[in-house]
Amino acid sequence: NAGVMQNPRHLVRRRGQEARLRCSPMKGHSHVYWYRQLPEEGLKFMVYLQKENIIDESGMPKERFSAEFPKEGPSILRIQQVVRGDSAAYFCASSPQGLAQETQYFGPGTRLLVL
Amino acid sequence: AQSVTQPDIHITVSEGASLELRCNYSYGATPYLFWYVQSPGQGLQLLLKYFSGDTLVQGIKGFEAEFKRSQSSFNLRKPSVHWSDAAEYFCAVGAEYGGATNKLIFGTGTLLAVQP
């Protein structure tokens, strides 16, 4: 029973490039959350998605960031024209139905370094 | 707005000693509260959670936490710390959006070091 999978685990990009982070939720989970952890800080909510729908993107920066969770395949967090301030660990979590009582299960994270 | 405060950034305890990590929250209704642990370079693992009922919650690895509404606190405790408990601990509150609680607001974390 595989947990939440994220890839790549580490990603290095130069300023101006694009970064694509992938998240495969646990089997049977249709709700995905993305969080960002900046150095020396806690995790900050970015976006909450169900299959083919963005439910809450209140934590997403207004520009350069986008997320999707297609009917088939993993959820993708896309960062265009990366800047050094985007360097962080990006975590994905999933839950079965998005209910308050459910645990969010976290993946191992993608550590993005922007040179 | 919901928020979580973890007053202690770093804590060092001796192996075998007791541990208490503090967490205070701000929330308008009955909160959903969580404690997660993060080992270096790893993701987060749930230790325990509180939704309702008994205010003393038991978790994995011998941890427990007590919800105190009057103090807006949800402190994590362990009677005897093991060296393998060295990690970063995050308290989180479930936040509502559109009537459904579906995102977590995290504190800044407490880094625990264990001395032999």
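Sequences listed follow chains A and B, in order.
The opening residue of the first sequence carries number -17 in our numbering; numbering runs sequentially from there.
The opening residue of the second sequence carries number 3 in our numbering; numbering runs sequentially from there.
For glycine and all other residues, C-beta sits at the position ideal for the given N, C-alpha and C.
Hey, would you say residue i sits closer than 9 Å to residue j, going by beta carbons?
| i | j | result |
| --- | --- | --- |
| leucine -7 of chain A | alanine 94 of chain B | no |
| glutamate 0 of chain A | glutamine 79 of chain A | no |
| tryptophan 37 of chain B | phenylalanine 69 of chain B | no |
| histidine 12 of chain B | alanine 97 of chain B | no |
| glutamine 44 of chain B | threonine 112 of chain B | no |
Relative to the C-alpha of residue i, which residue among the options is closest?
| i | options | result |
| --- | --- | --- |
| serine 69 of chain A | A:Gln32, A:Asp38, A:Ser77 and A:Thr92 | A:Thr92 |
| serine 72 of chain B | B:Ser28, B:Phe53 and B:Lys51 | B:Ser28 |
| arginine -3 of chain A | A:Leu59, A:Arg46, A:Ser57 and A:Gln86 | A:Arg46 |
| glycine 41 of chain A | A:Tyr15, A:Ser76 and A:Leu81 | A:Tyr15 |
| glycine 61 of chain B | B:Gln44, B:Pro81 and B:Val6 | B:Pro81 |
| phenylalanine 53 of chain B | B:Ser41, B:Ser5, B:Phe76 and B:Gly18 | B:Phe76 |
Check for me: the beta strand (DSSP E) holding residue i runs from which residue to which?
| i | result |
| --- | --- |
| glutamate 66 of chain B | 66 to 70 |
| phenylalanine 76 of chain B | 75 to 80 |
| isoleucine 62 of chain B | Here isoleucine 62 of chain B belongs to no beta strand (DSSP E), and DSSP marks it neither H nor E. |
| lysine 33 of chain A | Here lysine 33 of chain A belongs to no beta strand (DSSP E), and DSSP marks it neither H nor E. |
| alanine 70 of chain A | 70 to 77 |
| threonine 14 of chain B | 12 to 16 |
To the nearest angstrom, how far is the alpha carbon of residue i from that of residue j?
| i | j | result |
| --- | --- | --- |
| aspartate 87 of chain B | leucine 78 of chain B | 13 Å |
| asparagine 104 of chain B | proline 118 of chain B | 40 Å |
| arginine 4 of chain A | leucine 97 of chain A | 21 Å |
| histidine 84 of chain B | valine -14 of chain A | 27 Å |
With hydrogens ignored, establish whether the beta-carbon of residue i is closer than 8 Å to any heavy atom of the ligand MG.
| i | result |
| --- | --- |
| alanine 67 of chain B | Absence of the ligand MG from the depicted structure is noted, as is the absence of any ligand whatsoever, leaving it without description. |
Exercise. Select from the region -10 to 17 of chain A all residues with a C-beta closer than 8 Å to any C-beta belonging to chain B, and list them in chain order.
Key: Residues of the region -10 to 17 of chain A with a Cβ closer than 8 Å to any Cβ of chain B, in chain order: His13, Tyr15 and Tyr17.
Self-check item: Contact residues within the region 49 to 78 of chain B, judged by C-beta distance below 7 Å to chain A
Solution: The region 49 to 78 of chain B vs chain A, Cβ under 7 Å: Lys51 and Phe53.
Self-check item: Proximal residues, the region 20 to 34 of chain B versus chain A, C-beta separation under 9 Å
Solution: Answer set for the region 20 to 34 of chain B: Tyr34.
Quiz item: What residues from the region 17 to 33 of chain A come within 7 Å of chain B, judged by C-beta to C-beta, listed N to C?
Solution: Cβ contacts with chain B: Glu23, Gly24, Leu25, Phe27 and Tyr30.
Quiz prompt | chain B contacts made by the region 33 to 55 of chain A, where a contact means CB separation under 8 Å | solution = Per Cβ criterion, the list reads Ile37, Asp38, Ser40 and Gly41.
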